[in-house]
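Q: In the working numbering, the protein residues as written are 51 to 254. Backbone N, C-alpha and C fix where the C-beta goes; we use that ideal spot for every residue, glycine too. Just so you know, these numbers come straight off a predicted model, no measurement behind them.
1. Taking buried to mean at least 16 other C-beta atoms within 10 Å of its own C-beta, is residue 193 buried or exposed?
2. The ligand COA heavy atoms versus the CB of residue 195: any closer than 7 Å?
3. Just curious, the alpha helix (DSSP H) that residue 178 is in, first and last residue?
4. From the DSSP output, in three-state form, read off residue 251 for me.
5. Give me, in chain order, the residues of the same chain whose beta-carbon lies closer than 7 Å to that of residue 151; leave out the 5 immediate sequence neighbours on both sides.
6. Counting along the chain, where does the beta strand (DSSP E) carrying residue 244 start and finish?
7. Under a Cβ-count criterion, where at least 16 other Cβ atoms within 10 Å of its own Cβ denotes burial, should residue 157 be classed as buried or exposed?
8. Can you check DSSP and say which residues form a bridge with residue 129?
9. Taking the continuous beta strand (DSSP E) assigned at residue 197, which residues delimit it?
10. Identify which residue in 246, 232, 231 has its Cα closest to the Cα of residue 238.
11. When you compare only the Cα positions, how much space is there between residue 188 and residue 235?
12. Are residue 180 and residue 224 close, meaning C-beta to C-beta below 8 Å?
13. According to the Cβ coordinates, are residue 227 and residue 168 closer than 8 Å?
14. Who are residue 29's beta bridge partners in DSSP?
15. So for residue 143, helix, strand or coil by DSSP?
16. To the nearest angstrom, report how far apart residue 250 and residue 121 are at their CA atoms.
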């Protein structure tokens, strides 16, 4: 009939044709996004292994490399780090002794260690002992094939004796990677700007 207005009706979305219905398709996408973004469905990110006080945590192809330590007596103290990011493992004395003024003493730790293959252990001085008491460490290289007891040579550069008690931290053990290339004897070496300049040749 003329004069009667035609009213617009919204399209009915049936189940079999909802993909062709803009309203139903938008609703389905919104529901999918809600589900995918739900914290209950999200996979948790892999946890980073916590640093251990008594182990070297280095992940290589899914394996964990360890610093193996054997205590040789009840007085032995396992190496430990002062903080999670410290490079060195503190080594402790297993005896009461004294480092004479201007002298040296070999101090036992009563530990045997097995450093990871491809590394060596470097026994280094502790900064506090070096600064406050003039105590230094010498001859501190531990090879991967060494299985004997670990001793620390302390040098006392002060004018007074230095007392050491059982359990005192006397040095630190640092695990370092090594590179051992084959030796090749040659007639000449590549020339450089510095050349044969030795001690003090580049200035103080």
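A: Taking the coordinates as given:
1. The residue you call residue 193 lines up with position 143 of the chain shown. By the neighbour-count rule (16 or more Cβ atoms within 10 Å), residue 193 is not buried but exposed.
2. By its list of ligands, the structure shown contains no ligand whatsoever, and the ligand COA lies outside what it can speak to.
3. As a working mapping, residue 178 is identified with position 128 in the chain shown. 177 to 183 is the extent of the alpha helix (DSSP H) around residue 178.
4. Start at 1 with the first residue of the chain shown, and residue 251 comes out as number 201. Coil at residue 251, not helix or strand.
5. Sequence index remark: in the chain shown, residue 151 carries index 101 (1-based). Cβ neighbours of residue 151 beyond the five flanking positions: 206, 208, 209, 210, 211.
6. Indexing the chain shown from 1 puts residue 244 at position 194. Per DSSP, residue 244 belongs to no beta strand (DSSP E) and is neither H nor E.
7. For the purposes of this step, residue 157 is taken as residue 107 along the chain shown, with counting starting at 1. Looking at its Cβ environment, which holds 16 or more other Cβ atoms inside 10 Å, residue 157 is buried.
8. On the chain shown, residue 129 is found 79 positions in, with the first residue counted as 1. Note: residue 129 sits in no beta bridge, so no partner.
9. What you label residue 197 is simply residue 147 of the chain shown in a count that begins at 1. Element bounds for residue 197: n/a, residue is neither H nor E.
10. On the chain shown, residue 238 is found 188 positions in, with the first residue counted as 1. The shortest Cα separation from residue 238 among 246, 232, 231 belongs to 246.
11. Within the chain shown, residue 188 is the residue found at index 138, counting from 1. Within the chain shown, residue 235 is the residue found at index 185, counting from 1. Going from the Cα of residue 188 to the Cα of residue 235 covers about 31 Å.
12. Against the chain shown, residue 180 aligns to sequence position 130. Against the chain shown, residue 224 aligns to sequence position 174. No. Outside cutoff.
13. For the purposes of this step, residue 227 is taken as residue 177 along the chain shown, with counting starting at 1. For the purposes of this step, residue 168 is taken as residue 118 along the chain shown, with counting starting at 1. Against a cut-off of 8 Å, the Cβ pair of residue 168 and residue 227 comes out as a contact.
14. The requested residue 29 is not part of the displayed model; the chain covers only 51 to 254.
15. Numbered from its first residue, the chain shown carries residue 143 at position 93. In this structure, residue 143 counts as coil in the three-state DSSP scheme.
16. Numbered from 1 along the chain shown, position 200 holds the residue referred to as residue 250. Numbered from 1 along the chain shown, position 71 holds the residue referred to as residue 121. Spanning the two alpha carbons is a distance of roughly 46 Å.
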